[in-house]
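Here's the structure, in structure tokens; my notes come after.
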Amino acid sequence: MRKQPLNPAQRIAVTYFALAIIGSAVLLLPIMHHTAVSLTNAVFTSASALFVTGLTTVPTNTTWTPFGDVVIAILIQIGGAGITLVTTAAYLLMGRKIPLGTRLLMAEDRNMGLQGIVRLFRNIMAFSFAIEGIGTAAVGLYLKFVYHYTWLRALAFGLFHSISSFNNAGFDLWGTSLEQFQRDPFMLLFTSALIIVGGLGFVVLAEFYSFRERHLVSLHTKIVLVMTAILLVAGTLLILAFEWNRSMGQLSWPYKILNAWFTSVSTRTAGFDSIPISHMKEVTWLVITMFMFIGASPGSTGGGIKTSTFYMLIKTAISTIRGNAEIVSGERSIPWEIAHKSLLIFLLAIGVIMSCTLVDAALEPHIRLMRIIFEEVSAFGTVGLTTGITTSIALPMKWVLIFTMYVGRIGILTFLLGIMQKSQSKVRHVQERILVG
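For the sequence shown, counting from 1, position 41 maps to 881 in my numbering; every step adds exactly one.
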């Protein structure tokens, strides 16, 4: 009996899993680390880098050698760009035509249609490397002339930081994230710019790239830009309100605004912090948790349920309450199918986070529940922020977080399609109403 070929969702799920294992095996090599590293910590680091999360169970700056740092940077690059981008680059470099199966995989990985997918990916590659190149030069030169790093160290730190920032990974080589730069406007604002650009989504970036030719902006791009702006401003104001005299009490008011802004940006799946999260109020943790859950935008380097999904939930609720037959936005009607998909993503995400939180709470009863929820949402949203418990959790919870990061990176729908087959019944049943609410 012939085996059924893997569908695009299954191929994505299997490939990410395999790459995480390969990355772990490479990180276990003696040349990769200064001190002994367990299998679990190697897998955790590999998964966190590949799934562009940034949670770490061992300190990156003291555990890994420069060779280990290079491997982590490569995993971040692959994870942020997506396995399909790497595959596409290989075909293009060899001058070969990209097969239909690979095109389907590309569309599934980025949750996009097939039309113009190869051209879009060419633009993505060019834009990504250009942004990371600019970031490397800017940060490298800044570290050289302001902080007096050696040329090699400045460029190495600049390259690693640019890759980590643009891909919303949150890994750093300083050991304290960006806390040492909390009074440095250039580092915080430039890093914010890299994070935001990486989190907008490649579809939006491609539209900017081709705007000179078409002078058209899609509804998707408008929604992403508006929601991104609203969430960033709202996050900044809420963090300022709750942390003005708490974790930011020692800062003057301009630096309070700067650090509140950076924290708001970073909660959108980047995972850097300039103010220790562990020093913040629990109500601020709750605010950050909500923003981590929403995450970045579709087709981006970030995670979460995505800005457009959150927008669709709001619009669907408003349309339903008003009794509208259509969901209208920007004088365009959005199909109810998109609304149903958004609701499904939301419910499945809540289900995964609640299930994993329940397991973690049973495994680690001494850890406060809010800390566990924060950690799980951070993993699912591929954010990497932590209240300080990641390095001290027991082995079983590490594996639960690895699973959460995996599901968060490949996408909850891709994960489910990877383990379930689509089936559509031709039978139509009699409708009957039930009471709800």
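Where a beta carbon is used, it is the ideal one built from N, C-alpha and C, also for glycine.
- Taking C-beta atoms as the reference points, Ala-978 and Phe-1030 count as a pair closer than 9 Å.
- When the five nearest sequence neighbours on each side are left out, the beta carbons in the same chain lying within less than 8 Å of the beta carbon of Leu-1034 are those of Ile-971, Gly-975, Ser-1002, Ser-1005, Phe-1006, in order along the chain.
- Around the beta carbon of Arg-1172, fewer than 16 other beta carbons sit within 10 angstroms, so the residue counts as exposed.
- Residue pairing by DSSP places His-873 opposite Trp-904 in a beta bridge.
- Contact annotation, Phe-1186 with Ile-1145: C-beta distance approximately 6 Å; criterion of less than 8 Å satisfied.
- When only Cα atoms are considered, Gln-1020 and Thr-1231 end up about 20 Å apart.
- Between the beta-carbon of Leu-867 and that of Val-911 there is about 6 Å, and that keeps the pair under the 8 Å contact cut.
- Within the same chain, Cβ atoms closer than 6 Å to the Cβ of Leu-1059 are found at Gly-1170, Arg-1172, the five residues on either side in sequence being excluded.
- The DSSP-derived three-state label of Arg-1268 is coil.
- Nearest C-alpha to Asp-1113 among Gly-1015, Gln-850, Pro-1175: Gly-1015.
- Around the CB of Trp-1101, 16 or more other CB atoms lie within 10 Å, so the residue is classed as buried.
- Annotation: the segment 1077–1116 contains the following complete segments of the alpha helix (DSSP H) (minimum length 4 residues), in chain order: 1093–1106.
- Exclusion of the five residues before and after Met-872 leaves Val-866, Trp-904, Thr-905, Phe-907, Gly-908, Val-911 as the residues of its chain whose Cβ lies within less than 8 Å of its Cβ.
- The beta-bridge partner set that DSSP reports for Ile-1174 consists of Ile-1167.
- Across the structure, Ala-996 and Gly-980 are spaced so that their CA atoms are roughly 8 Å apart.
- Between Thr-1109 and Val-1223, the gap from beta carbon to beta carbon is short of 9 Å.
- By the Cβ-count criterion, Phe-1133 is buried, with 16 or more other Cβ atoms from all chains shown falling within 10 Å of its own Cβ.
- In the DSSP assignment, Glu-1215 falls within the unbroken alpha helix (DSSP H) covering 1209–1220.
- The three-state reading of DSSP puts Leu-1018 in strand, counting E and B together.
- Within the same chain, and ignoring the five residues on either side of Val-1043 in sequence, the residues whose Cβ sits closer than 6 Å to its Cβ are Gly-1139.
- Rounded to the nearest whole angstrom, the C-alpha separation of Ile-852 and Thr-1068 is 27 Å.
- With a 10 Å radius around the Cβ and a threshold of 16 neighbouring Cβ atoms, Gln-1271 comes out exposed.
- Of the candidates Glu-1122, Trp-1125, Thr-1149, Ile-1207, the residue whose Cα lies closest to the Cα of Gly-1135 is Thr-1149.
- In its chain, beyond the 5 residues on either side, Glu-1204 have a beta carbon closer than 7 Å to the beta carbon of Ile-1233.
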